[in-house]
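As given, the protein sequences belong to chains A and B, one line each in that order. This note's numbering numbers the first residue of the first sequence as 4 and each following residue consecutively. This note's numbering numbers the first residue of the second sequence as 2 and each following residue consecutively. Heads up, the beta-carbon is just placed ideally off N, CA and C, and yes, glycines get one too. This report concerns only the one structure given below.
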Amino acid sequence: MKKTGAEIFIESLFKEGVDTIFGYPGGAVLPIYDALYKSRLRHILVRHEQGAVHMADGYARATGRPGVVLVTSGPGATNTVTGLATAYMDSIPVVAFTGQVPTELIGNDAFQEADIVGITRPCTKHNYLVKDIRDLARVIKEAFYIATTGRPGPVLVDLPKDVLNDSTEFIYPDKVHIPSYQPTYKGHPGQIRKAVNQILASKRPIIYAGGGVISSNAANELRQFAKKLGIHVTTTLMGLGAFPGTDPLFLGMLGMHGTYGANMAVTNTDCLIAIGARFDDRVTGKIDEFAPYAKIIHIDIDPTSISKNVVVDIPIVGDVRGVLKDMMKLLTAAKVREFKKGLKEWHGDIDGWMKTHSLSAAQDMTRKIRPQYVIERLYRLTKGDAIITTEVGQNQMWAAQFFKFKEPRRLLTSGGLGTMGYGFPAAIGAQIACPDKTVIDIAGDGSIQMNIQELATAVEYKLPVKVAILNNRFLGMVRQWQEFFYDKRYSYTCIGNKPDFVKIAEAYGGVGLRAKKPDEVDPVIKEALKVKDRPVFMDFVVDAAEDVYPMVPAGQPLSKMLLV
Amino acid sequence: MRHTISISVMNEFGVLSRIAGLFSGRGFNIESLCVAETIDPRVSRMTIVTSGDDRIIEQITKQLNKLVNVIKVHDLTGEEYLERELALIKVNCNADNRAEVLSIVDIFRAKVVDVSPRSYTIEVTGDEEKIAAITELLRPFGIKEIVRTGRIAMARSPKAK
Ligand SMILES: Cc1ncc(C[n+]2csc(CCOP(=O)(O)OP(=O)(O)O)c2C)c(N)n1
Numbered sequence: 004m005k006k007t008g009a010e011i012f013i014e015s016l017f018k019e020g021v022d023t024i025f026g027y028p029g030g031a032v033l034p035i036y037d038a039l040y041k042s043r044l045r046h047i048l049v050r051h052e053q054g055a056v057h058m059a060d061g062y063a064r065a066t067g068r069p070g071v072v073l074v075t076s077g078p079g080a081t082n083t084v085t086g087l088a089t090a091y092m093d094s095i096p097v098v099a100f101t102g103q104v105p106t107e108l109i110g111n112d113a114f115q116e117a118d119i120v121g122i123t124r125p126c127t128k129h130n131y132l133v134k135d136i137r138d139l140a141r142v143i144k145e146a147f148y149i150a151t152t153g154r155p156g157p158v159l160v161d162l163p164k165d166v167l168n169d170s171t172e173f174i175y176p177d178k179v180h181i182p183s184y185q186p187t188y189k190g191h192p193g194q195i196r197k198a199v200n201q202i203l204a205s206k207r208p209i210i211y212a213g214g215g216v217i218s219s220n221a222a223n224e225l226r227q228f229a230k231k232l233g234i235h236v237t238t239t240l241m242g243l244g245a246f247p248g249t250d251p252l253f254l255g256m257l258g259m260h261g262t263y264g265a266n267m268a269v270t271n272t273d274c275l276i277a278i279g280a281r282f283d284d285r286v287t288g289k290i291d292e293f294a295p296y297a298k299i300i301h302i303d304i305d306p307t308s309i310s311k312n313v314v315v316d317i318p319i320v321g322d323v324r325g326v327l328k329d330m331m332k333l334l335t336a337a338k339v340r341e342f343k344k345g346l347k348e349w350h351g352d353i354d355g356w357m358k359t360h361s362l363s364a365a366q367d368m369t370r371k372i373r374p375q376y377v378i379e380r381l382y383r384l385t386k387g388d389a390i391i392t393t394e395v396g397q398n399q400m401w402a403a404q405f406f407k408f409k410e411p412r413r414l415l416t417s418g419g420l421g422t423m424g425y426g427f428p429a430a431i432g433a434q435i436a437c438p439d440k441t442v443i444d445i446a447g448d449g450s451i452q453m454n455i456q457e458l459a460t461a462v463e464y465k466l467p468v469k470v471a472i473l474n475n476r477f478l479g480m481v482r483q484w485q486e487f488f489y490d491k492r493y494s495y496t497c498i499g500n501k502p503d504f505v506k507i508a509e510a511y512g513g514v515g516l517r518a519k520k521p522d523e524v525d526p527v528i529k530e531a532l533k534v535k536d537r538p539v540f541m542d543f544v545v546d547a548a549e550d551v552y553p554m555v556p557a558g559q560p561l562s563k564m565l566l567v
Numbered sequence: 002m003r004h005t006i007s008i009s010v011m012n013e014f015g016v017l018s019r020i021a022g023l024f025s026g027r028g029f030n031i032e033s034l035c036v037a038e039t040i041d042p043r044v045s046r047m048t049i050v051t052s053g054d055d056r057i058i059e060q061i062t063k064q065l066n067k068l069v070n071v072i073k074v075h076d077l078t079g080e081e082y083l084e085r086e087l088a089l090i091k092v093n094c095n096a097d098n099r100a101e102v103l104s105i106v107d108i109f110r111a112k113v114v115d116v117s118p119r120s121y122t123i124e125v126t127g128d129e130e131k132i133a134a135i136t137e138l139l140r141p142f143g144i145k146e147i148v149r150t151g152r153i154a155m156a157r158s159p160k161a162k
């Protein structure tokens with residue numbers, strides 16, 4: 004039996020095991036929306052296409068399964084760009100379907116035409132324009148395959164309206180055959196052996212783990228590996244949760260706002276084991292002085308990540324999980340015992356660093372609320388059992404510093420692109436994926452306004468997403484840079500005390516709560532946690548003067564931290 | 002240092018712009034680029050001449066490999082390979098100097114492919130130096146127009162021992 008392109012689209016999503024899509028309709032995708040009307044596929048109607056992509060991204064990060072987006076042509080498609088770029092920078096599997104004008108009009112500046120394949124080429128892992136309905140099923144199959152394999156990433160598929168209306172026999176391919184796309188999973192045994200020998204010969208080893216550990220589902224292997232050898236772990240922002248934040252071997256995050264202990268350990272290590280991380284400039288600081296005494300081992304699935312910023316001594320291209328397993332096979336009990344004996348002094352050094360300049364969320368109850376304290380309380384009152392998303396700015400760094408992530412996929416944050424407006428829709432996506440979990444967006448009063456319209460989505464679907472707004476009346480992180488590096492000339496970073504977030508939440512049909520004094524923080528959080536059927540905004544009126552410490556000024560080595 | 006990189010790609014919509022976009026987006030430079038279908042119409046072959054230190058060239062080849070449509074990337078530099086460019090040169094000439102021009106054409110094993118009362122159009126193939134050399138020799142006569150292809154290159158077959 005023949006099926007239309009729109010029907011094939013929906014059937015193909017079922018074949019891929021998709022249960023939910025995030026979308027927004029328009030002329031070019033009307034055939035799909037008509038087919039959806041009769042379908043049991045769950046469609047979440049967003050209020051802005053950027054929100055749809057961040058929701059799909061949040062869904063993907065929370066579950067490890069690809070997030071799916073459907074939008075119309077032209078403005079619908081261009082509104083997805085920031086979301087796609089966000090997912091691309093953080094290697095998140097998202098598959099976005101965009102409507103397109105009919106094939107015979109492409110290139111004619113037709114109504115609501117945009118060359119979205121051209122526009123998104125540099126911010127997707129791959130993209131397609133389907134010109135012939137006979138290619139549709141294969142392309143969808145390939146899109147999911149490419150998005151979820153190798154180093155994951157977003158894939159966009161552009162669907163002209165005539166292709167959606169056309170019909171053909173529906174045959175969904177079982178297998179993908181793309182000769183030019185063959186990711187490497189298995190690490191080279193010789194390199195693995197070399198790496199293990201290098202580690203066993205070291206006296207001051209450190210593991211530097213990134214988001215690759217999470218996307219490879221290798222948190223267990225990482226924990227076993229680190230525990231077995233007694234090697235401390237620091238992670239990037241993207242890697243938080245890849246190693247239990249409560250473990251004594253955990254040093255916290257490294258880099259620009261990393262802990263003193265992590266940055267000192269990396270500066271002094273003789274063997275840096277980089278796992279699923281990419282030596283981003285926010286992590287390395289001044290590149291020539293990054294881990295200056297170390298032999299560097301780098302495990303990553305993406306060959307382009309290796310020796311891109313830092314020249315490494317022992318590269319291993321492969322899937323982190325498999326490589327860690329292979330490495331552990333080479334660790335005999337005798338060798339491990341011998342190795343651990345040599346670490347005493349180094350562990351002493353690390354303990355010393357961790358004790359000095361440790362992070363503090365201490366609150367003087369007679370003064371203004373400290374944002375760090377709010378996060379500490381969120382952590383305590385949820386017992387750490389929550390999915391946290393963040394916006395971008397100080398809120399993001401404090402969330403990273405003060406919430407302890409015990410498991411992977413518990414912190415969803417825009418690390419690579421640093422997209423303000425990410426956290427709230429991502430939280431909605433995560434809440435849809437995990438209906439029974441507490442999901443909290445830790446937000447700034449600037450960022451939350453970038454996708455605040457999604458309150459309507461959260462209300463409509465009765466999603467109890469919590470938003471903790473650290474309301475400092477400033478674009479705080481930019482203000483901090485102006486304070487440190489521009490002589491306190493606060494140029495256009497004061498955004499004032501409007502709007503009234505409590506009223507906004509209420510206007511949409513959500514709950515609005517406010518804490519102005521430290522002793523109001525706990526009651527507000529407790530109240531919010533009780534709400535199970537609608538979104539809650541918690542407006543924490545915090546001290547605007549707080550800065551994120553430690554801080555390595557951009558371009559400085561990690562050892563040059565500004566401390567409180 | 003200059004490198005000549007040969008790339009096999011799936012002959013698909015947009016592949017050229019993916020590759021060009023990769024170079025511009027990452028700040029790599031392209032000195033020349035040639036592309037055409039191979040004997041298998043599903044596959045095209047590109048020859049790109051680029052430059053950069055070892056780190057950059059390594060990134061270029063890895064980034065190219067990462068593109069979903071790219072089948073194979075081969076940096077020919079440092080190996081035995083053939084390279085050719087083609088140029089069409091329209092040069093002024095008159096009764097007095099025709100013979101001189103023709104002898105230059107002869108020396109370079111070039112061809113005259115179009116003749117008019119006041120000009121010759123010369124076709125020449127060869128490596129970059131050869132094209133540069135003939136251009137220099139023809140320059141004094143007055144070059145009206147010159148069009149060159151980029152470089153195409155192919156690895157030499159291994160010699161029998
Ligand atoms: C879309 C976008 N625009 C601009 C920026 C630059 N930027 C980074 S942090 C920041 C301030 C964020 O302010 P707010 O959300 O109030 O958070 P705070 O730093 O105060 O916690 C800005 C403007 C950005 N990251 N994203």
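Cβ-based neighbour list, residue i, same chain, cut-off 7 Å, excluding 5 preceding and 5 following
| i | result |
| --- | --- |
| A/Thr85 | Gln53, Thr422 |
| A/Ile122 | Thr81, Val84 |
Residue i CB to nearest heavy atom of ligand 2 below 8 Å
| i | result |
| --- | --- |
| A/Glu107 | Ligand 2 is absent from the structure shown, which contains only ligand 1. |
6 Å Cβ shell around residue i - same chain, five flanking residues per side excluded
| i | result |
| --- | --- |
| A/Val371 | The amino acid occupying residue 371 of chain A in the given sequence is Lys; Val does not appear at that position. Answer for A/Lys371: Asp546, listed in chain order. |
| A/Asn500 | Arg476 |
| A/Gly156 | Tyr91, Ser94, Lys128 |
| A/Thr152 | Pro186 |
| A/Ile299 | Leu275, Val315, Asp316 |
| A/Met357 | Gly264 |
| B/Ile135 | Phe109, Val125 |
beta-carbon residue i near ligand 1 non-hydrogen atom, thresh 8 Å
| i | result |
| --- | --- |
| A/Met453 | yes |
| A/Glu145 | no |
| A/Pro374 | yes |
| A/Thr85 | yes |
| A/Leu381 | no |
| A/Glu394 | yes |
| A/Ala280 | no |
| A/Thr422 | yes |
| A/Gly258 | no |
| A/Leu362 | no |
| A/Arg482 | yes |
| A/Ile391 | no |
| A/Gln397 | yes |
| B/Asp55 | no |
| A/Ser450 | yes |
| A/Ile498 | yes |
| A/Asn82 | no |
| A/Gly447 | yes |
| A/Leu384 | no |
Cut-off 8 Å between Cβ atoms - residues of its own chain near residue i, not counting five sequence neighbours on either side
| i | result |
| --- | --- |
| A/Arg137 | Thr171 |
| A/Gln485 | Lys491, Arg492, Tyr493, Ser494, Thr496 |
| A/Arg141 | Pro176 |
| A/Ile13 | Ile35, Ala38, Leu39, Ser42, Leu44 |
Boundaries of the beta strand (DSSP E) in which residue i is found, first to last residue
| i | result |
| --- | --- |
| A/Gly61 | No beta strand (DSSP E) contains A/Gly61, which is instead part of the alpha helix (DSSP H) from 52-66. |
| A/Asp546 | Element bounds for A/Asp546: n/a, residue is neither H nor E. |
| A/Gln115 | Premise fails: A/Gln115 is in no beta strand (DSSP E) and is neither H nor E. |
| A/Leu275 | 274-278 |
| B/Ala88 | 82-93 |
Endpoints, alpha helix (DSSP H) assigned at residue i
| i | result |
| --- | --- |
| A/Gln201 | 192-203 |
| B/Asp107 | 99-108 |
| B/Glu59 | 55-67 |
| A/Tyr40 | 33-40 |
(request) Check whether the segment 260-271 of chain A touches the segment 528-536 of chain A, counting contact only when three or more Cβ pairs, one atom from each stretch, lie closer than 8 Å. (result) Inter-segment contact for the segment 260-271 of chain A and the segment 528-536 of chain A is absent: fewer than three beta-carbon pairs are separated by less than 8 Å.
(message) Could you check whether the segment 82-93 of chain B touches the segment 135-151 of chain B, counting it as contact only if at least three pairs of C-beta atoms, one from each stretch, sit closer than 8 Å?
(response) The way I'd put it, the segment 82-93 of chain B does touch the segment 135-151 of chain B; three or more beta-carbon pairs between them come closer than 8 Å.
(message) Using a Cβ distance threshold of 8 Å, determine whether the segment 22-37 of chain B contacts the segment 148-159 of chain B, with at least three qualifying pairs required.
(response) Two segments are said to touch when three or more pairs of C-beta atoms, one from each, lie closer than 8 Å; by this definition the segment 22-37 of chain B touches the segment 148-159 of chain B.
(request) Take every Cβ of the segment 157-165 of chain A, pair it with every Cβ of the segment 182-202 of chain A, and state whether three or more of those distances are shorter than 8 Å. (result) The segment 157-165 of chain A, when compared against the segment 182-202 of chain A, does not touch it at the 8 Å Cβ threshold.
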